[in-house]
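Novice: Chains as they are written, first to last, in the numbering used here: chain A, 54 to 168; chain B, 228 to 340. Right, I'll just put the structure down here and ask away after.
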């Protein structure tokens, strides 16, 4: 069974440019998460989807970040415009359902560098 | 909100020795405590978890202990091998749909052959 797929794996952009990350979760997983991981730190939740509905986006900087999950499957996370401080790894994860006790399966992440 | 602290931040052990990573959490309502292992260039992967109704859980060379009174939980790896080298994250969560998994800052474990 394929795991969580993310693309691109690496992205280098200049500040003020837009950038988008794509995630394909494990088939049948209703819950999808986007995390931010700064160097030397643990993942921090940005947004959680239950099917196509965003049920927890309290940590998403809505002035520049946006996300969508079309048809409750793939998801895209966008930053516009990017700032120097956005340099980090963006992780996507999925789980069978919302239950916090369900194992979350993580993708390899997209490493973003903003110059 | 929940806050998870983790110690040490780096740990080096000789192959075959044991490694212990300790975490504390702040929210007494938390009742689920997973541990994730992250290898270089990969996403975190669940290696073991424990729930608040259990004090200890073991899976081969890995064991976790939980002290709810003190709000402490620990990961124990015995007979360490070079492939155990990675960053380990502890985490804590409640059980409602409003709860999120809060991760600690991580421990970088190096197993020296």
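Beta carbons are placed, not taken as given, at the ideal position from N, Cα and C, and that holds for glycine.
Within the continuous beta strand (DSSP E) that includes residue 98 of chain A, where are the two ends?
Specialist: Residues 97-103.
Novice: How many angstroms separate the CA atom of residue 228 of chain B from the CA atom of residue 122 of chain A?
Specialist: Each residue's alpha carbon lies about 27 Å from the other.
Novice: Going along chain A in order, which residues have a C-beta closer than 8 Å to the C-beta of residue 316 of chain B?
Specialist: Those within 8 Å of residue 316 of chain B in chain A are 95, 96.
Novice: What residues in the segment 57-76 of chain A have a beta carbon less than 9 Å from any beta carbon of chain B?
Specialist: Hits within the stretch, in order: 57, 59, 62.
Novice: Count the other CB atoms within 10 Å of the CB of residue 102 of chain A; is the residue buried (16 or more) or exposed (fewer)?
Specialist: Residue 102 of chain A is buried by the Cβ-count criterion.
Novice: Counting contacts by CB-CB distance shorter than 8 Å, is residue 156 of chain A in contact with chain B?
Specialist: Judged by the 8 Å Cβ criterion, residue 156 of chain A is in contact with chain B.
Novice: What residue does the beta strand (DSSP E) around residue 58 of chain A start on, and which one ends it?
Specialist: Where residue 58 of chain A is concerned, the enclosing beta strand (DSSP E) stretches over 58-60.
Novice: Within its chain, find whatever has a CB closer than 8 Å to the CB of residue 64 of chain A; leave out the 5 residues flanking it on each side and keep chain order.
Specialist: Once the five neighbours on either side are set aside, the close Cβ partners of residue 64 of chain A are 72, 74, 163, 164, 165, 166.
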